[in-house]
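Visitor: The structure under discussion is supplied below as structure tokens; questions concerning it will follow.
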Amino acid sequence: MFIDVQNVSKAFPCQGDGPAALQGIDLGIKKGELTCLLGPSGCGKSTLLNIMAGFLKADTGSVIIDGQAVSAPQRRRLMIFQDYGLLPWRTVAQNVALGLEVDKMDPSKRKAVITHYLELVGLAHARDQFPGQLSGGMQQRVAIARALAVQPEVLFMDEPFGALDAITRMKLQEDILALSRETGTTIIFVTHDIEEAVYLADRIVILAANPGRIHTVLKVDMPHLRERTSDDFVVMRDRVFQAINLKHEHPLEYYL
1 MFIDVQNVSK AFPCQGDGPA ALQGIDLGIK KGELTCLLGP SGCGKSTLLN IMAGFLKADT
61 GSVIIDGQAV SAPQRRRLMI FQDYGLLPWR TVAQNVALGL EVDKMDPSKR KAVITHYLEL
121 VGLAHARDQF PGQLSGGMQQ RVAIARALAV QPEVLFMDEP FGALDAITRM KLQEDILALS
181 RETGTTIIFV THDIEEAVYL ADRIVILAAN PGRIHTVLKV DMPHLRERTS DDFVVMRDRV
241 FQAINLKHEH PLEYYL
């Protein structure tokens with residue numbers, strides 16, 4: 001496996017004698033796979049993502065990526081959050097350039113790379129605009145272009161579309177699938193939206209809470225070009241509903 005999570009557990013001091021945030025997590029992820037971590041608030045999915053990315057240290061267990069133990073964040077393993085993280089005083093192109101500047105890339109090559117990834121996310125026309133001039137969806141696409149420009153081996157995404165309207169969210173889901181095919185980047189995507197998980201994922205890892213643990217892993221055996229109204233899509237969505245409903249921890253409406 002490209003990513004191997006082995007017996008990972010994590011508790012926080014504020015929990016006292018309460019259940020662990022994560023307990024005994026074992027998970028393998030193939031290179032180039034798009035994996036969704038699905039579950040309610042408090043099930044530990046963001047905690048697991050942060051441990052995998054190196055931002056948090058597990059109490060027990062380990063995370064191995066490409067044969068190396070994860071002990072800290074690395075530049076080729078990037079996180080995308082809901083809040084975009086763009087620098088408001090820099091243009092779109094200058095924001096995308098951030099990682100390339102750290103790499104001290106030749107300016108002419110850097111310009112070509114910026115252009116390529118802005119074209120990839122459909123924002124070449126906005127390269128000289130500032131973040132404040134863009135919609136939320138456009139800002140998130142800038143953040144995605146900035147991450148992809150340094151050619152990450154893993155992209156961690158923590159509910160990146162949660163604050164966006166439904167139409168923009170659906171468009172960005174399409175963009176992520178296209179980018180996944182184009183770049184072959186391994187993507188770990190946290191969500192509590194069942195339809196989003198079914199639309200995006202090669203596999204869906206369903207987490208349960210109290211303590212945070214893996215409840216079910218489902219392979220999404222559909223082509224990447226998915227129709228949300230197709231019979232296969234509806235059947236897969238119902239399988240996820242049924243798996244979650246077995247736990248009775250949250251009403252099903254929570255996952256919509």
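Under full-length UniProt numbering, the residue at position 173 of the sequence shown is numbered 173, and the numbers go up by one with no gaps.
Ideal Cβ positions, reconstructed from N, Cα and C, are used throughout, including at glycine.
Every value quoted in this text rests on a predicted model; they were computed, and no experiment measured them.
#1: Roughly how many angstroms lie between the CA atoms of aspartate 165 and aspartate 4, to the nearest whole one?
#2: Among Thr115, Thr186, Tyr117, Leu218, whose alpha-carbon lies nearest the alpha-carbon of isoleucine 194?
#3: Checking 8 Å against the spacing of the C-beta atoms, do proline 73 and glycine 132 come in under that value?
#4: Between the alpha carbons of phenylalanine 2 and proline 107, how many angstroms are there, rounded?
#5: For the ligand GTP, is there a heavy atom less than 7 Å away from the beta-carbon of histidine 125?
#6: Ignore the nearest five residues each way along the sequence and tell me which others in aspartate 59's own chain have a CB closer than 7 Å to its CB.
#7: Which runs of the beta strand (DSSP E) fall wholly inside the stretch 59-139 and span at least 3 residues, in chain order?
#8: If we ignore side chains and look at the alpha-carbon of each, how far apart do leucine 155 and arginine 77 end up?
#9: Round the Cβ separation of arginine 188 and threonine 35 to the nearest angstrom and send it over; I've been treating them as touching at under 8 Å.
#10: Compute the distance between the beta-carbons of arginine 146 and valine 96, then report whether it is under 8 Å.
#11: Below 8 Å between beta carbons: does that hold for valine 121 and aspartate 175?
Guide: Once the coordinates are examined:
#1: For the purposes of this step, residue 165 is identified with residue 165 of the sequence shown, where counting begins at 1. For the purposes of this step, residue 4 is identified with residue 4 of the sequence shown, where counting begins at 1. Answer to the nearest angstrom: the Cα atoms are 34 Å apart.
#2: Within the sequence shown, residue 194 is the residue found at index 194, counting from 1. The shortest C-alpha separation from isoleucine 194 is found at Leu218.
#3: Taking the sequence shown and counting its residues from 1, one reaches residue 73 at position 73. Taking the sequence shown and counting its residues from 1, one reaches residue 132 at position 132. No.
#4: Start at 1 with the first residue of the sequence shown, and residue 2 comes out as number 2. Start at 1 with the first residue of the sequence shown, and residue 107 comes out as number 107. So the alpha carbons of these two residues sit roughly 33 Å apart.
#5: In terms of ligand content, the structure shown is empty, and the ligand GTP therefore cannot be addressed.
#6: Against the sequence shown, residue 59 aligns to sequence position 59. Taken in chain order, the residues that qualify are Ser9, Lys10, Ala11.
#7: 60-65, 77-80
#8: As a working note, residue 155 is residue 155 in the sequence shown. As a working note, residue 77 is residue 77 in the sequence shown. Cα-Cα distance, rounded: 6 Å.
#9: Position 188 of the sequence shown, counted from the first residue, corresponds to residue 188. Position 35 of the sequence shown, counted from the first residue, corresponds to residue 35. Inspection of the sequence shows that residue 188 is occupied by isoleucine rather than by arginine. Sure, about 5 Å apart at Cβ, within 8 Å.
#10: One-based indexing of the sequence shown puts residue 146 at position 146. One-based indexing of the sequence shown puts residue 96 at position 96. Going by C-beta atoms, arginine 146 is nearer than 8 Å to valine 96.
#11: Within the sequence shown, residue 121 is the residue found at index 121, counting from 1. Within the sequence shown, residue 175 is the residue found at index 175, counting from 1. Yes, these two residues count as a Cβ contact at 8 Å.
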